[in-house]
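These notes concern the structure reproduced below.
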Amino acid sequence: MGQNPLPSVTEIGPRDTAMQSAFCDYVPQVFRRAGFRRWFEWGEWDDDYRAFALFEDGRVVANASVMRMRLLLEGRAVPAFQLGAVGCLPSHRGRGLSRVVMNAALDACGGAPVLLFANPNVRQFYPRFGFQPWKQTLFAAPHEAVPGGTPAPTLDLADAKVRARLATLSREGLPVTERFGARGYSTIATWYAANDFARPLRQLSDDAWVFASVEGDTLYLDDIFTREPFDLRAQLPRLIDRPIRSIHFGFTPERWWPEAVEAGEDTEADLFVRDLPLSRDAHRFPVLAHT
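For the sequence shown, the working numbering begins at 444 and goes up steadily by one.
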């Protein structure tokens with residue numbers, strides 16, 4: 444007797460409401476603290492995001508999702524894809540289901556470059572699919588500043604108008620880095636906000652928004668969405684509520700703080716790439732662009 448055939452993979456897109464609900468049920472069973480339901484209710488699931496899922500008895504038991512990316516590598520635009528939400532229910536592991544959904548997701552990517560960020564516990568899994576690990580560098584700078592000027596107001600991404608404006612700035616504005624960055628990833632940033640994982644979004648002007656907060660005497664600056672360059676150093680006092688002595692960047696700050704120094708390796712999540720010709724120069728893909 445042969446083994447039972449594996450179920451076929453189902454593609455879930457932005458208009459597949461019932462299957463999206465099943466996907467939202469699946470995610471916290473695998474990723475614990477993460478969820479997609481609020482993000483989905485915000486209307487942020489668009490044509491750039493597709494899930495490739497295995498269903499059993501009406502529920503998702505394994506999945507690999509694909510996000511279309513508009514990467515920038517040393518200023519050069521590179522169409523690519525990023526994988527996310529790759530996993531399998533604990534009760535269904537050991538049956539090769541993750542391999543099935545991974546193959547389906549990669550088939551959907553065609554010959555385009557692919558990247559993903561993964562838990563360090565699964566470092567042996569992705570090289571089987573042609574991925575190689577790539578170092579990500581932390582960047583920091585010593586800088587003393589005290590609060591001053593009118594504090595930058597905090598924006599609420601639960602407001603659809605705020606999300607729409609962020610999407611415009613992300614799509615049309617100045618990329619936070621061109622060494623290894625992207626355009627148009629606002630729906631990834633809003634996923635972090637929907638899960639309460641993002642730092643506060645602060646408005647320096649109508650056309651300059653930053654995700655930032657202070658911990659101890661350090662300003663953590665995770666991302667900048669802006670139409671035009673501005674004097675970041677002059678604006679820092681509006682982002683802090685206490686004196687600071689250093690800044691940590693959630694991206695490669697070659698444009699915003701050229702004198703920033705390497706501050707170790709980013710070990711929060713491992714980057715894997717396939718057919719993506721990254722520079723050997725130190726870089727950090729923007730943290731709010733990780734799926």
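Where is the CB? At the ideal position from N, CA and C, for every residue including glycine.
Under 8 Å, do Phe-664 and Phe-560 count as touching if we go by C-beta distance?
On the sequence shown, residue 664 is found 221 positions in, with the first residue counted as 1. On the sequence shown, residue 560 is found 117 positions in, with the first residue counted as 1. For the record, residue 664 in the displayed sequence is Leu; it is not Phe. Between Leu-664 and Phe-560, the gap from beta carbon to beta carbon reaches 8 Å or more.
Tell me, which residues are paired with Val-716 by DSSP?
Position 273 of the sequence shown, counting from 1, holds the residue named residue 716. Beta-bridge partners of Val-716 (DSSP): Leu-558 and Gln-575.
Other residues of its chain near Val-741: CB distance less than 7 Å, five sequence neighbours each side excluded
The structure shown does not extend to residue 741, since the chain spans only 444 to 734, so no value can be given for it.
Among Leu-721, Met-512, Arg-480 and Asp-639, whose alpha-carbon lies nearest the alpha-carbon of Asp-490?
For the purposes of this step, residue 490 is taken as residue 47 along the sequence shown, with counting starting at 1. Ranking the options by Cα distance to Asp-490, first place goes to Met-512.
Taking Arg-542 as part of the beta strand (DSSP E), name the residues at either end of that continuous run.
Against the sequence shown, residue 542 aligns to sequence position 99. Not the beta strand (DSSP E): Arg-542 falls in the alpha helix (DSSP H), residues 540 to 552.
For the alpha helix (DSSP H) holding Trp-634, just list the boundary residues, first then last.
As a position in the sequence shown, residue 634 is number 191, starting the count at 1. Note, Trp-634: alpha helix (DSSP H), 629 to 637.
Any contact of the segment 535 to 550 with the segment 470 to 480, i.e. 3+ C-beta pairs under 8 Å?
Taking 8 Å as the limit for Cβ pairs, the verdict is that the segment 470 to 480 does not touch the segment 535 to 550.
Cutting at 7 Å between CB atoms, please list the residues of its own chain near Ser-451, excluding the five before and the five after it.
Reading the sequence shown from its first residue, position 8 is the one you call residue 451. Once the five neighbours on either side are set aside, Ser-451 has no close Cβ partner at all.
Could you tell me the boundaries of the alpha helix (DSSP H) in which Thr-460 lies?
Working through the sequence shown from its first residue, we reach residue 460 at position 17. 460 to 474 is the span of the alpha helix (DSSP H), which, as asked, contains Thr-460.
Per DSSP, what kind of secondary structure is Glu-615 in: helix, strand or coil?
Position 172 of the sequence shown holds residue 615. Helix, per DSSP.
Sequence-distant residues of its chain with Cβ nearer than 6 Å to Trp-634 (five each side left out):
The sequence position of residue 634 within the sequence shown is 191, counting from 1. Closer than 6 Å at the Cβ level, and outside the excluded window around Trp-634, lie Trp-482.
Suppose only complete runs of 3+ residues qualify. What are the beta strand (DSSP E) ranges in the segment 488 to 549, listed by chain order?
Listed in chain order, they are 492 to 499, 502 to 516 and 519 to 531.
So what's Gly-445 in DSSP terms, helix, strand or just coil?
Here residue 445 refers to the residue found at position 2 of the sequence shown. Bear in mind that a pLDDT of 48 at Gly-445, under 50, signals an unreliable position, so the model cannot answer this.
If you draw a straight line from the alpha carbon of Ala-555 to that of Phe-524, how long is it in whole angstroms?
On the sequence shown, position 112 is the one that residue 555 refers to. On the sequence shown, position 81 is the one that residue 524 refers to. Their Cα atoms are separated by approximately 7 Å.
With C-beta atoms as the reference, is Ala-507 less than 8 Å away from Ala-547?
Start at 1 with the first residue of the sequence shown, and residue 507 comes out as number 64. Start at 1 with the first residue of the sequence shown, and residue 547 comes out as number 104. At a Cβ-Cβ threshold of 8 Å, Ala-507 and Ala-547 count as neighbours.
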